[in-house]
């Protein structure tokens, strides 16, 4: 039997609910609107970056991932 590959997982394994991402932004006091920039380190599936981009607006989110799997 082959050992499971820890780099392969279902996207839903680590996806926070949209309400949690919104709450994190509110709790951190991150303003939304023109001029606000957000850096997300550890993109993963890109789900959180997409939620942040939706909340912050076009061009406001930069997201980086070290493991391009």
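In the numbering used here, the protein residues as written are 7 to 75. Glycine residues also receive a C-beta, built at the ideal position from the N, C-alpha and C atoms.
Q) In whole angstroms, what separates the C-alpha of residue 33 from that of residue 22? A) 16 Å
Q. Looking at C-alpha atoms only, which residue of 47, 40, 58 is the closest neighbour of residue 5?
A. Because the chain in this structure spans residues 7 to 75, residue 5 falls outside the shown range and cannot be described.
Q) Where does residue 57 fall in DSSP's three states? A) helix
Q. Any beta-carbon of chain D closer than 8 Å to the one on residue 55?
A. Absent here is chain D; the protein component of the structure consists of one chain.
Q: Give the straight-line distance between the Cα atoms of residue 55 and residue 73, rounded to the nearest whole angstrom.
A: 16 Å
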